[in-house]
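Colleague: Respectively, the protein sequence lines represent chains A and B. Residue numbers for the first sequence, in this note's numbering: 1 to 317. Residue numbers for the second sequence, in this note's numbering: 1001 to 1252. Backbone N, C-alpha and C fix where the C-beta goes; we use that ideal spot for every residue, glycine too.
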Amino acid sequence: MNQYWKYFLMLGCLGALVGIGFVSGPFVLYLATRIMILSIFALGYNLLLGRTGLLSFGHAAFFATGAYGLAITSIHISAHPLLGILIGVAAAALLSLCIGFFCVRHTEIYFAMLTLAFGMMVFALIWNLRSITGGDDGLYGISRTAISLGIVKIPIRNDYQFYFFVLFFFMVSVFLINRIYSSPFGLVLAGIRENHIRAEFSGLSVKAYRLGVFTVSGAFAGLAGSLSALLESNVAPFSAHWTHSAEPVLVSLIGGLQTFSGPVVGSVIFVALREVLQRFTYNWMLWFGVLLLAIIIGFRGGVVGSISEAFRRYSRP
Amino acid sequence: MGESLLDVRMLNKAFGTVVTAKDLNFSLYRGVITSIIGPNGAGKSTLINVLTGLLAADSGEIWFQGREVTNEPIHRRVKQGLGRSFQVVNVFGNLTLFENLAIPVLALKGRSKDMIKSIARLKEVGEHVEMVLTQVGLLDKAYMVARSLSHGDLRLLEVAIALAAKPRLLFLDEPTAGMNPVERSRILETIRQLSQTGEVTFVIVEHDMDIVFSLSDRVIALHKGKIIGDGSPEQIKMNPQVREVYLGEEVA
């Protein structure tokens, strides 16, 4: 696909997102907000999985760190949402740096199991530190106070205002992650995925780059977490549970690991499909599983991956 | 023999009872094309693996340009100018040739940590990559994906990735295996040129005796982890021990 098409598509999506913010009802608005938050989570995560080839099962821990970071800041220090997000993201980045330090020494299944183990430790901590995290109750009563920037105050209390607040962070994330994909750092990550020994023999410390991308993806997970805390106005310990770590994995797989927009498309499918199925059947998990299986097997390289492959073949016979 | 680039002292490496390096002592000199020969299992590839850091030595010291590198990780040795290519094609399969070479060039120029700037804007990187692609004759395929190349082109790319990191000392593990005569003469010509300008000192592991004797200034013969012959190609041809264990009928 050439550059113009890409920009055209991006502009179209942006137009649609802004349109949703103005015309849609509260339910669609809520779903769209959740899709954007999940997209931020998965876009960052796919830097690790699709780009670098590392499968982590512990990213819910960073998502929860962002959420609890914002909640604790909001309850105890200041309800300014930007400060909460800043602290949430910083805490998630710091935690992923520390956990990543131990995990990036290993690859493949050992890496996956280590991240899983650390993730479960974080969950257990959140569950047990009742005085700080509220234990199994979580924390609630997080208010969406207006963002005061000196003389200007931007309200985000109602759902439409908050939608545009999340849209702003979604766009910033898409922009930043897109830059990373076309940057030298991004190419090195792809090189590590393709052949980590050759990357080492190119004069690169593979471990340092793995740690770098682990931290970046942890920071984006933290951003997603703190936005979701604002959306739901509460945080629950199960956001740190390893089952939640599977979400960005599935979403990236559905959309396409080797594509930039895959995680976004995957998030749309994931959230929409679940909502629709829950309407029609009590056994929604069963049908959800069947459909996911069909998508993953049917679309090799993910939905975006296989469609753009077909597009390429069609345009160049 | 000139300035020594790499010094090996009392190097040992064994896998269980199989000894692949036994009390090795030798130096490699700037500008001297050296070939390492020996029968299969003589320890040639293992020696390269130990010298470049892929395997740890059991004991002994490795000094590169006056600094000990015995325990340095691979990427630090590469940064200091110790490069290698691989016997089996070992490239970044799903990336284009340009990207394959951009990875070592970015590392070389210290630009590999940049997360924001686009690669397309780094002119010096692009120019260096194109220079190396021209050197090995792959410039017209710069935007092809590596895994779609023919075997001979892959071998050229294999050497090109090693060259792109601007090594001072470069180990080539059977660089011409599987190449057609045109590709072979191109790669040998590139080696001669780079060697003459003194930019890169080559050490070659090779089975093809024509190449060994026509290209190298010095030949080291290994057998069971020991050096059994070390000298000019003529001296090696005459060395009775080498003839016995390795060259045998080939030179007779």
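According to the Cβ coordinates, are residue 1008 of chain B and residue 1024 of chain B closer than 7 Å?
Modeller: As a first step, residue 1008 of chain B must be located in the second sequence, where it is residue number 8. As a first step, residue 1024 of chain B must be located in the second sequence, where it is residue number 24. Result yes, Cβ atoms of residue 1008 of chain B and residue 1024 of chain B sit closer than 7 Å.
Colleague: Buried or exposed: where does residue 1135 of chain B fall if 16 or more other Cβ atoms within 10 Å of its Cβ makes it buried?
Modeller: Taking the first residue of the second sequence as 1, we reach residue 1135 of chain B at position 135. That one is buried.
Colleague: Report the three-state DSSP secondary structure of residue 1252 of chain B (helix, strand or coil).
Modeller: Position 252 of the second sequence, counting from 1, holds the residue named residue 1252 of chain B. With a pLDDT of only 41 at residue 1252 of chain B, under 50, the local geometry of the prediction cannot be trusted, and the value read off the model is given with reservation. Coil, per DSSP.
Colleague: Any C-beta of chain A sitting closer than 7 Å to the C-beta of residue 1252 of chain B?
Modeller: Here residue 1252 of chain B refers to the residue found at position 252 when the second sequence is read from its first residue. Here residue 1252 of chain B scores only 41 on pLDDT, less than 50, and its place in the model should not be relied on; the value that follows carries that caveat. By this cut-off, residue 1252 of chain B is not an interface position.
Colleague: Kindly indicate which three-state DSSP category residue 21 of chain A falls into: helix, strand or coil?
Modeller: Numbered from its first residue, the first sequence carries residue 21 of chain A at position 21. The answer is helix: DSSP assigns residue 21 of chain A an H, G or I state.
Colleague: Using a cut-off of 9 Å between C-beta atoms, extract the partners of residue 46 of chain A located in chain B.
Modeller: Position 46 of the first sequence, counted from the start, is the residue given in the question as residue 46 of chain A. Per Cβ cutoff of 9 Å: no residues; residue 46 of chain A is ~16 Å from chain B at best.
Colleague: Between the stretch 183 to 204 of chain A and chain B, which residues of the former have a C-beta closer than 8 Å to a C-beta of the latter?
Modeller: Result list: 183, 184, 185, 186, 187, 188, 190, 191, 194, 195, 197, 198, 199, 200, 201, 202, 203 and 204.
Colleague: Report the neighbours of residue 1092 of chain B on chain A: residues whose CB is nearer than 7 Å to its CB, in chain order.
Modeller: Mapped onto the second sequence, residue 1092 of chain B falls at position 92. 191, 194, 195 and 198, listed in chain order.
Colleague: Within 10 angstroms of its Cβ, does residue 212 of chain A collect 16 or more other Cβ (buried), or is it exposed?
Modeller: For the purposes of this step, residue 212 of chain A is taken as residue 212 along the first sequence, with counting starting at 1. Result: buried.
Colleague: Mind checking who residue 1096 of chain B pairs with in its DSSP beta bridge?
Modeller: As a working note, residue 1096 of chain B is residue 96 in the second sequence. BP columns for residue 1096 of chain B point to B:1145.
Colleague: Closer than 8 Å by C-beta to residue 350 of chain A: which residues in its own chain qualify, once you throw out the five before and the five after it? Chain order, please.
Modeller: Given that chain A is displayed from residue 1 to residue 317, the structure contains no residue 350 of chain A and the question cannot be resolved.
Colleague: Is the Cβ-Cβ distance between residue 1254 of chain B and residue 1229 of chain B less than 7 Å?
Modeller: In the structure as shown, chain B starts at 1001 and stops at 1252, and residue 1254 of chain B therefore has no counterpart that could be examined.
Colleague: Is there a Cβ of chain B sitting closer than 7 Å to that of residue 300 of chain A, yes or no?
Modeller: For this step, residue 300 of chain A is matched to residue 300 along the first sequence. Not closer than 7 Å to any Cβ of chain B, the Cβ of residue 300 of chain A fails to qualify, so no.
Colleague: Using a Cβ cut-off of 8 Å, pull out every chain B residue sitting near residue 40 of chain A, in sequence order please.
Modeller: If you number the first sequence from 1, residue 40 of chain A lands on position 40. By Cβ distance, chain B contributes nothing, its closest Cβ being about 17 Å from residue 40 of chain A, past 8 Å.
Colleague: Could you check if residue 1166 of chain B is buried or exposed, using at least 16 other CB atoms within 10 Å of its CB as the buried criterion?
Modeller: Indexing the second sequence from 1 puts residue 1166 of chain B at position 166. Residue 1166 of chain B should be labelled buried.
Colleague: For a contact defined as C-beta to C-beta under 7 Å, what are the partners of residue 180 of chain A on chain B?
Modeller: As a working mapping, residue 180 of chain A is identified with position 180 in the first sequence. Those are 1115, listed as they occur along chain B.
Colleague: Would you mind reading off the limits of the beta strand (DSSP E) that contains residue 1026 of chain B?
Modeller: For the purposes of this step, residue 1026 of chain B is taken as residue 26 along the second sequence, with counting starting at 1. Taken as a continuous stretch (DSSP letters only), the beta strand (DSSP E) holding residue 1026 of chain B covers 1018 to 1029.
Colleague: Using the beta-carbon count (16 or more within 10 Å), is residue 15 of chain A buried or exposed?
Modeller: Locating residue 15 of chain A in the first sequence gives position 15, counting from the first residue. Label assigned to residue 15 of chain A: exposed.
Colleague: Mind checking residue 46 of chain A: buried by the 16 CB within 10 Å criterion, or exposed?
Modeller: Residue numbering aside, residue 46 of chain A sits at position 46 when the first sequence is read from its first letter. Burial call: buried.
Colleague: Give the straight-line distance between the Cα atoms of residue 78 of chain A and residue 279 of chain A, rounded to the nearest whole angstrom.
Modeller: By one-based count along the first sequence, residue 78 of chain A stands at place 78. By one-based count along the first sequence, residue 279 of chain A stands at place 279. Going from the Cα of residue 78 of chain A to the Cα of residue 279 of chain A covers about 39 Å.
Colleague: How would you call residue 1218 of chain B, buried or exposed, if buried means at least 16 neighbouring beta carbons within 10 angstroms?
Modeller: Within the second sequence, numbered from 1, the residue matching residue 1218 of chain B stands at position 218. By the neighbour-count rule (16 or more Cβ atoms within 10 Å), residue 1218 of chain B is buried.
Colleague: Do residue 1047 of chain B and residue 1064 of chain B count as a contact pair if the criterion is CB distance below 7 Å?
Modeller: Counting from 1 along the second sequence, the entry for residue 1064 of chain B is found at position 64. Counting from 1 along the second sequence, the entry for residue 1047 of chain B is found at position 47. It is not a contact, given that the beta carbons lie outside the stated cut-off.
Colleague: When you compare the CB of residue 1111 of chain B with every CB in chain A, is at least one pair closer than 7 Å?
Modeller: For this step, residue 1111 of chain B is matched to residue 111 along the second sequence. Chain A contact via Cβ: present.
Colleague: Taking 7 Å as the CB-CB limit, is residue 1167 of chain B close to chain A?
Modeller: For the purposes of this step, residue 1167 of chain B is identified with residue 167 of the second sequence, where counting begins at 1. No, no contact with chain A.
Colleague: With distances taken from CA atoms, which of B:1191, B:1199, B:1091 and B:1038 is nearest residue 1151 of chain B?
Modeller: Position 151 of the second sequence, counted from the first residue, corresponds to residue 1151 of chain B. Ranking B:1191, B:1199, B:1091 and B:1038 by Cα distance to residue 1151 of chain B puts B:1091 first.
Colleague: Can you tell me whether residue 1008 of chain B is helix, strand or coil according to DSSP?
Modeller: The residue you call residue 1008 of chain B lines up with position 8 of the second sequence. Reduced to three states, the DSSP call for residue 1008 of chain B is strand.
Colleague: How big is the Cα-Cα spacing for residue 1110 of chain B and residue 1128 of chain B?
Modeller: Indexing the second sequence from 1 puts residue 1110 of chain B at position 110. Indexing the second sequence from 1 puts residue 1128 of chain B at position 128. Straight-line Cα distance between these residues: approximately 13 Å.
Colleague: Determine the contact status of residue 67 of chain A and residue 246 of chain A, defining contact as a CB-CB distance below 7 Å.
Modeller: Translated into positions along the first sequence, residue 67 of chain A becomes position 67. Translated into positions along the first sequence, residue 246 of chain A becomes position 246. Cβ atoms of residue 67 of chain A and residue 246 of chain A: not closer than 7 Å.
Colleague: Looking only at C-alpha atoms, which of B:1180, B:1044 and B:1089 sits nearest to residue 1223 of chain B?
Modeller: Looking up residue 1223 of chain B in the second sequence gives position 223. With distances taken between Cα atoms, residue 1223 of chain B lies closest to B:1044.
Colleague: Are the Cβ atoms of residue 126 of chain A and residue 219 of chain A separated by less than 7 Å?
Modeller: Position 126 of the first sequence, counted from the start, is the residue given in the question as residue 126 of chain A. Position 219 of the first sequence, counted from the start, is the residue given in the question as residue 219 of chain A. Against a cut-off of 7 Å, the Cβ pair of residue 219 of chain A and residue 126 of chain A comes out as no contact.
Colleague: Tell me, which residues are paired with residue 75 of chain A by DSSP?
Modeller: Looking up residue 75 of chain A in the first sequence gives position 75. Looking at the DSSP assignment, residue 75 of chain A forms no beta bridge with any residue, so it has no partner.
Colleague: What does DSSP give as the partner residue(s) for residue 1064 of chain B in the beta ladder?
Modeller: In the second sequence, the residue the question calls residue 1064 of chain B occupies position 64. In DSSP, residue 1064 of chain B forms a bridge with B:1006 and B:1067.
Colleague: Rounded to a whole number of angstroms, what is the C-alpha to C-alpha distance between residue 1227 of chain B and residue 1236 of chain B?
Modeller: Taking the first residue of the second sequence as position 1, residue 1227 of chain B is located at position 227. Taking the first residue of the second sequence as position 1, residue 1236 of chain B is located at position 236. If I take the Cα positions, the gap works out to 12 Å.
Colleague: For residue 73 of chain A, I'd like the list of residues in its chain whose CB is within less than 8 Å of its CB, leaving aside the five on either flank, ordered along the chain.
Modeller: Locating residue 73 of chain A in the first sequence gives position 73, counting from the first residue. 83, 84, 87 and 88.
Colleague: Less than 7 Å separating the beta-carbons of residue 49 of chain A and residue 43 of chain A?
Modeller: Reading the first sequence from its first residue, position 49 is the one you call residue 49 of chain A. Reading the first sequence from its first residue, position 43 is the one you call residue 43 of chain A. Cβ atoms of residue 49 of chain A and residue 43 of chain A: not closer than 7 Å.
Colleague: Which residue spans inside the stretch 97 to 136 of chain A form an unbroken beta strand (DSSP E) run of at least 3?
Modeller: None, since the stretch 97 to 136 of chain A contains no complete beta strand (DSSP E) of that length.
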